[in-house]
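Participant: Chains as they are written, first to last, in the working numbering: chain A, 4 to 121; chain B, 25 to 125; chain C, 4 to 661; chain D, 3 to 495. One structure is given below, represented as C-alpha cells, and several questions about it will come after.
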Amino acid sequence: MLDTYLPILVLISIAVAFAIGSVVFSRLIGQKKPSAVKLAPYECGMPLIGSARERVSVKFYLVAVTFIVFDIEVAFLYPWAVVFKQLGWYGAGAMGFFIFVLVIGLIYEWKKGALEWE
Amino acid sequence: MSPTVYHYLTLSAILFSMGTIGVLTRRNAIVIFMCIELMLNAVNLSFIALSRHLGNLDGQIFVFFVMAVAAAEAAVGLALMITFFRNRESIEVDDINLLKW
Amino acid sequence: MYSYDYLWLIPFFPLLGAIINGFLGKKIKSEKVIGGLGTLAIAGSFAVSCFYFFQLLNDPQKVHQQVIGSWMSVGRLQVDWGFLLDPLSALMILIVSGVGSLIHLYSIGYMHGEEGFYRFFSYLNLFCFSMLMLVLGNNALVMFIGWEGVGLCSYLLIGYYFHKKSAGDAAKKAFVVNRVGDFGFLLGLFLLFWTLGSDHGVWTLNFVEIAANAHLLGAGSAVVTIVTLCFFIGATGKSAQIPLYTWLPDAMEGPTPVSALIHAATMVTAGVYMIGRMNVLFFMAPSTMMVVAIVGAATALFAATIGLAQNDIKRVLAYSTVSQLGYMFLAMGVGAFTAGIFHLMTHAFFKACLFLGSGSVIHAMHHGLHHAHSHDDPQDMRNMGGLRKKMPITYITFLVSAIAIAGIPGFSAFFSKDEILWFAFASPQGSPWLWAVGACAAGLTAFYMFRLVHMTFHGAQRTAAKARDHIHESPLVITIPLMVLGLLAVVGGYVGIPHVIGNALGHIPNYLDNFLHPVFGATQAQAHGAASTEVSLMVVSVALAVIGILLASWMYLWQPELPGKFVANFKGAYRTIHNKWYVDEIYDAMFINPTKRLGTFLWKGFDVQVIDGIVNGTGKVINAFSKGLRFTQSGFVHNYAMTMVVGMVVIVAFFLFR
Amino acid sequence: MENLAQIAMQDVNFGAIMPSLVLVCFGMALLLVTVFSPRGKTTHVAYLSILALVVTGIVSLATWTPAGSLVGNWQEGFGGSVRLDNFATFFNIVFLIAAGLTILMSDDYLKREEYPIGEYYPLILFTTAGAMWMASGTDLMTIFLGLEVLSISLYVLAGFFRRQERSNEAGLKYFLLGAFSTGFLLYGIALIYGVTGTTKVALIGEILANNPSLLTNTMTLAGMGLMSIGFLFKIAAAPFHMWTPDVYQGAPTPITAFMSAGPKAAAFAAFLRVFVIGLAGLQDQWTSLLWILAVLTMIVGNVVAIYQTNLKRMLAYSSIAHAGYALVGMVAANAIGLSGILFYMLAYTFMNLGAFAILVLAGKKGEDNLTLDGFAGFGFKRPFLGVAMSIFLLSLMGIPPTAGFTAKFYIFAGAVEAGYIWLAIIGVLNSAVSLYYYLRVMVYMYFRDPAEDYGWVKMHAGAVLSIVVAIIGVFYLGIIPGAVMEFAKLAIF
C-alpha cells in the first residue's frame, strides 16, 4: 500500500532539500553589505508608506469572520458527498435545507453590506 | 510498536493541559482564545481516537459538531474582540477590568 | 348543627379594606371616607367574630375547621388554606378585631392631617388581616403567613415617619430581629415535620393533627425539646423576650396607635398564642417549659427595672409591655396556659388603653408645644405634669388602667396576674423563686406606672407656660375608644375569677377556664396548694403593689409639694423638712439611685451594648466577611479562570479519591 | 448500503423538535425582516417575536401528557437523541415565559439606550431554541449543541451595546470564560464516551448500571467531574460563579434578566437529565459534591450581595444564591426535590424578571443611576413601581404568600424528606441573611427622602405588562400553586 506514496515522498524530500540548500548556500557564499535602503521592507519596489504596524482595516476581519463561518459548511458537505448516492433524495433535501439556512445568512450579510469593500 | 488509543489519549491530555495553561498565562485575548481552541481540538483528538478504538462513529460525528461550534464561537469571539479593541485600543485581558467587586 | 362557613370573612374584610385604601386611597382623599372604610372593615370582622364566638359558646363541639382550598401538596404533605376555630382562636379573634376596631377609630382622630393618611389605614388593615390569619390558620404554614405578615406590617408602620432616620433604623431592626426569631420558628417547623413524617409516617402541619399525633414523638424526648425550643426562639423574637426584645422599645418610633395595636395588644402576643396553640408539644417538653418560665420571669423583672429609668412616656410603656409579656411566658412556662391567655387578654385592654392615653397626651402636648413654638419633646414626661385638669377623660381612663396593671384587687390584671403568680408558685413546674421574681416585678410595675401617672397628670405643670393654654382634651373619636378600653380594663378580669375567690364569694365559676378547657384541659398544670397559701400570696403581691404605688406617690407627688407648704406655714418645722429631705436623700442614695442606676445600666449597658452589640456584631462580622470575599472578585479574567481550574482540580480529585 | 437512507429516515421525527424548529424558523425569518426594515424600526420585530413565542408555546403544550393519561404524548426522534417529554415541555414553558417577559420589557429600553437594532429579538429566539435543545436533549451531543447555540447567542447579547465599554467587556468576559468552561464540558463528555461507548444519556445509565466496575473507573469519575463544571458554570454555582456579577452588571438589563432565568433553567434541565438519568449509579458521589457546592454557593451569593450598591450586581449575587437553593433540590434528588427545582425555576423566572423590569424602567440612559442611592424615595414618587418592586423583593426573600416562599418551602421540604436536615437549616439561615440586602433596597425606596422626582421614568406599556404578568405569577404561585406543583410532579422523569 505504502509504495504508492513513495514518489510523493521523494518529491517532498527533493523540494525540502532544495529550499534549505539554496538558503544555506547563499548564506555561506554570498557577500553582506547592508544599507538603509536594502534593509527596508520590500513593497513591490514602491517607496514605504507609513509603519508596518498600522491598523488593518476592520473589513479584513469581517471577511475573515465570514470565511470561518462559510468554510465550515464544507466540513459537512464532504461526508454527505461520500454517501450521496445511498442517502438519495432524502439526503439531498436535508442538505438543501442546510444550505438554505446558510443562504439566509448570506442574504443577511449581503443586505447588511458586509460583502461590500467600500 | 504501533500507537494505541492510550497514546492518543495521553497526547490529547497533554494538549488539553497546554491549552489550559495557555489560558491562564497569556495576556492577549486572541491568544487565549487560540489556547481554548487548542483545548477543543485536544478533545477532538480524544473523540477520534476513542471512536476508532470503540469502533463506533458517534465520536467522529461529535467532532464535526465541535468544529462547527468552534468556528461559530471564533466568529463571535473575533467580533467581540474587535469591538473591544475599538473601544479600548487594547486586547490585553488585563485591560478587561472595568467590572469588578 | 352550627355552620362555620363564613369564617373566611373575618380576615377577608380587613384585606379588602387594605386593598381599597391602598390602591384608591390617594384618589379618595377624604380622611373621613378612608378612616371610615378602614374602621368599618375591621368592625365587620369584629361583628363576624362575635357571631361565631357566641355560636361556639353554645356549640357542644368546640373545634371546627374550614378548608377553603388546597395550597400546596409537597410529597405526602398536604397544606391547605384552612381556618381553625376553637375556643383559643375564638378568643383571639375577638381581642384582635375588637381592640383593632377601637384603635382604628382612634386613629381617625390621632392621624388627622398626617401625610399618607390612606397609607396608614391600608397598612393597619393589612396588619389586622395578617394577625387574624395568624390566629385563625389551621396549620403552621398559614400561621406563618400571618407571622411574617404582621412582621412586615409592623416594619412598614414603625417606619411610617420615614423622614426620621431613627424611624427607618428602628423599622429595619424590628424586621431583622424578628426574622432571627422566624428562623427559629421555621426550623422548628421543619424538624417537627421531618420527625413526625419520616419516623412516624405522619406528614402534616395541621395543628389538630399535630396535637393528635404528638404523643408519637414521646414525652420528654430530645426531639420534642429541640422542636419546642426552636418554636420558643421564634416566640422570643415576635414577643420581645430576652434576648430578642431590643427592637420593641425602638419600635416606639411608630405612630402611637401602632404602638397600641401592634406593639402592645396584638402582634407581640403572637408568641404567647403560638405556645398556647402548640401546648401539647410544650407540655411534652418539661425542659423547654422550664426555659420558657425562666426567660419569662427574667424578662418580667429585667424590663420592669429598665422601666424605672425612662423619661419618654412611650418607652416606659414599651418596657412595661416587655415585662408583661414576660409574665405571660412565665405563665406558659409553668403550664398555666389559661392564665397566660387570660393575661394576654387583660393586657390587651389595659395596655392598649395606656398607649392610647399616652397618645392622647402626646397629641395634646404636641398641639400645645406647636402653638408655643417650643421645641420641647412632647413625649418627655419631664415636660408634662398637672395634665389631670386639662384632660379629664384621658386622665381617668389612664388612671384606671394604671391601677389595673398595678394589680389592685377588683381590676382586671389583679385576677390574671395573681393567677399567674399562684401557678408560678404552686404548679408542678413552678417554684417559690419564680413567684418571688414575679412578685418583685409586680411591685416595680406599680412603682413605675404611678411614677408615670404622677409625672404626667399630677403635680405642677412643667410645660412651657405659653404652651399650657393650648393643651386640651382630645376629641370624642379619641376619647370613646379610651373609655371603652378603660371600662374593659376594669371589668375584663371578671371572666376569670380565680377559684379561691369565686368559692369565697359563692360558687362563681371561672368562665374563661371552662371556656378554654377543650384546648388546654389535657395539658393545663394543676396548682397544688392550700387556699390559705393562695390567699396569703395574693395579699403579699397586692401589698407589694401598694407599696410601689405609695413609694411612687411619695417621691413624685407628695414630696415636691410638701416642702413648700411646710416652709410657708411653719418656719420652725423647717428642720423637720430638712430632715425629711435628708432621709429622702439617704433613701435616694441607698435604694432608689442604685435601682435607677441599675436600670440605666441595664438599659444603656446591657441592652444597648451587649444585645445590640451581639446583633450588630453579627452584622459586622458578616459585613467584613462580605467585604473580604468581594475582593476575590477582582475583575480579571485570569483570576476567574484560575479559580475555575482550581475548582476543577478539586472536584476531580474529590471524585477520584473519595 | 441502500438502507442507509431508510435508517436515517425512520428515526427522524420532526415532532420531537417542533417547538425549537418553529422558533428557529421564526428567528431566521425575523432576521430577514430586520434587515429589510428601515433603520431604527424594531417594534414590529418585537411583536413578531412575541407571536413566535406564543406559537411555540402552543406547539410545546401539544406534547404535554396529562395526569392519568395512558398514552404518553411525548415525542422522541433522531435516533433517540431528542425527547420531548413532560420534563422538557415544562422547561420549554419556563424559557418561553422568560423570553416573553424579556422581549416585552426590551423595546423601549433599546430605544432609550439608542441601540434600536432588530437582531436583538431573533437572537433571543435562538437562545431560547438552544435552551429547548438542552432541556429536550437526551444525547450529550444534542445537549452540547443546545448549550452552544444558547451560549453563542448570549455572548452577542451580553455585548450588544457595542460602543458601551461595560457591555462590551461583559460580552468578552462571558465569551472567554464560557468557551473555557465548554472545553471542560467537552473533555468530560469525551471521557464518558470513552468509557461507555455512547453519548446517549439513557444508554450511559444502562451501561454503568450493568457494569458496576465502570463506576470506579478513573475515566468515569474524571469525566463526571469535568462534565459537571460545564453545567455548574452555566448555573453560576460557586466556585464557577465569578463571571456572573461582572457579566450581569455589564450586559443590557433585559438580557441580564433573561440570563438569570432562561439559560440558568436550561443548564439545570440538562444537568438534571445527565446526572439523574445518565449518572444515576454515581449518585452518592455527586450528591456529596453538590451538598458542599450548594452550601458554598448560597453563602457566597448571599454574603457578597450584602456589600453591593449597584442593584444589577446585587441581583447577580442574589441569582448565585438562588442557584444554591435550587441545588439543594438536586442534592435531595427525590421526587419532591427534583420537581421542586422545576417549580423553583418558574417561580424565580417571575420574581427575578419582574425585579429587573423595574430596573429597566427606572434607569436613565447609561444606567448609572441603578444604585441604592438612585432608588432613594422611589417608592413614594413611583408608587406602582415601588409596590411592585417590594413584592418581588419579598418574594426573593421568601416571605409568604409569594412564589418565593412556596418554592423555597418546596425545595427545603424535599431536602428534609431526603434526610438532609442540615442542608435545609443552612438554606433557611441563608435566606435569613439574604433579607438584609433585599430589605435595604426597600429601606432606600421607602425610608429615604426622594433625591429626585424620577420624572424620567416612563411607564412603557410593554414593561408594565411584563411587571403585571410577573406580579400575577408571583401571587399565583404563592397562593394557589397546587396546579403548577402537580405539573412539576408530572414533569420529572
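C-beta: ideal position from N, C-alpha, C; glycine also. Please read all numbers here as calculations on a predicted model, not as lab measurements.
1) Using the beta-carbon of each residue, which ones in chain C are nearer than 7 Å to D:I338?
2) For a quick check, are the C-beta atoms of D:Y412 and D:G342 less than 7 Å apart?
3) Between the alpha carbons of D:F495 and D:G480, how many angstroms are there, rounded?
4) Going by DSSP in three states, A:I11 sits in which element: helix, strand or coil?
5) Using a beta-carbon distance below 7 Å, is D:L1 in contact with chain A?
6) Buried or exposed: which applies to C:V542, given that a residue is buried once 16 or more other Cβ atoms fall within 10 Å of its Cβ?
7) From the DSSP output, read off the bridge partner residues of C:H67.
8) For A:Y81, decide whether its Cβ has a neighbour in chain B, counting only Cβ atoms nearer than 7 Å.
9) Once you ignore the five residues that flank D:D375 on each side, which residues in its own chain have a CB closer than 8 Å to its CB?
10) Taking C-beta to C-beta, are D:E419 and C:G78 nearer than 7 Å?
11) Looking at the secondary structure, which residues open and close the alpha helix (DSSP H) in which C:R122 lies?
12) Do three or more CB pairs link the region 249-257 of chain C to the region 185-195 of chain C at distances below 8 Å?
13) Can you tell me whether DSSP reads D:Y79 as helix, strand or coil?
14) How big is the Cα-Cα spacing for C:M114 and D:G232?
15) Quick check on the DSSP output: what are the complete alpha helix (DSSP H) runs of length 4 or more inside the region 101-182 of chain D, in order along the chain?
16) Answer yes or no: does any C-beta atom of chain A fall closer than 7 Å to that of B:M58?
17) Determine, using beta carbons only, whether D:M3 comes closer than 7 Å to chain A.
18) Mind checking the region 100-116 of chain A against chain E and listing, in chain order, the residues whose C-beta falls within less than 8 Å of any C-beta there?
19) Is the Cβ of C:A644 closer than 7 Å to any Cβ of chain B?
20) Name the DSSP bridge partner or partners of D:N312?
21) Run through DSSP, which three-state label would B:N68 get?
22) With three or more beta-carbon pairs closer than 8 Å as the criterion, would you say the region 23-33 of chain C touches the region 50-60 of chain C?
23) Hey, how far is the Cα of C:L135 from the Cα of C:L105?
24) Helix or strand or just coil, what does DSSP make of C:K583?
25) Shorter than 7 Å from the beta carbon of B:A53 to some beta carbon of chain A?
26) Please work out which residues of its chain come closer than 7 Å, Cβ to Cβ, to D:D248, disregarding the five sequence neighbours upstream and downstream, and give them in chain order.
27) Quick check on D:W288: buried or exposed, where buried means 16 or more other Cβ atoms within 10 Å of its Cβ?
28) At a Cβ cut of 8 Å, what residues of the region 349-362 of chain D count as close to chain C, listed as they run along the chain?
29) When the distance is taken between beta carbons, is D:T67 closer than 7 Å to D:N94?
30) Residues in the same chain with beta-carbon distance under 6 Å from C:A222, minus the five sequence neighbours each way, listed in chain order, please.
31) Give a yes or no on whether 7 Å exceeds the smallest Cβ distance from B:S70 to chain D.
32) Give a yes or no on whether 7 Å exceeds the smallest Cβ distance from A:A97 to chain B.
33) Residues of chain B with CB closer than 9 Å to the CB of D:M143, please, in chain order.
34) Any beta carbon from chain B within less than 7 Å of C:G638's own beta carbon?
35) Please name the residue or residues paired with C:G72 in a DSSP beta bridge.
36) Could you tell me which chain B residues have their CB closer than 7 Å to the CB of D:G173, listed as they occur along the chain?
Facilitator: In brief:
1) V77, G78
2) Contact flag set, yes.
3) Within the model, the alpha-carbon separation for D:F495 versus D:G480 is close to 25 Å.
4) helix
5) Because chain D here runs from 3 to 495, residue 1 of chain D falls outside it and cannot be looked at.
6) exposed
7) C:L88, per the DSSP bridge assignment.
8) So, not an interface residue.
9) T311, Y446, A453
10) With contacts defined as CB atoms closer than 7 Å, D:E419 and C:G78 qualify as a contacting pair.
11) 120-139
12) No, the region 249-257 of chain C does not touch the region 185-195 of chain C.
13) Just to set this straight, residue 79 of chain D is Gly in the shown sequence, not Tyr. Of the three classes helix, strand and coil, the one that applies to D:G79 here is strand, per DSSP.
14) 59 Å
15) 122-138, 142-160
16) no
17) In this predicted model, D:M3 has a pLDDT of only 45, less than 50, meaning its place in the structure is not dependable; the value taken from the coordinates is given anyway. Using a Cβ-Cβ cut-off of 7 Å, D:M3 counts as an interface residue toward chain A, since at least one Cβ of chain A sits closer than that to its own.
18) Among the protein chains in the structure shown, which are A, B, C and D, there is no chain E.
19) So yes, C:A644 belongs to the interface.
20) Bridge partners of D:N312 according to DSSP: D:T373.
21) In the structure shown, the three-state DSSP call for B:N68 is helix.
22) no
23) 16 Å
24) Residue confidence is low: C:K583 scores 38 on pLDDT, short of 50, so the model does not pin down where it sits. No coordinate-derived value is stated.
25) Not one chain A Cβ lies under 7 Å of B:A53.
26) Excluding residues within five positions, the ones whose Cβ falls inside 7 Å are A172, K175.
27) buried
28) none
29) no
30) M287
31) By this cut-off, B:S70 is an interface position.
32) no
33) Near D:M143 (Cβ distances below 9 Å), the residues of chain B are D82, I85, F86, F89.
34) Cβ-Cβ to chain B under 7 Å: yes for C:G638.
35) BP columns for C:G72 point to C:W84.
36) Here the neighbours are L104.
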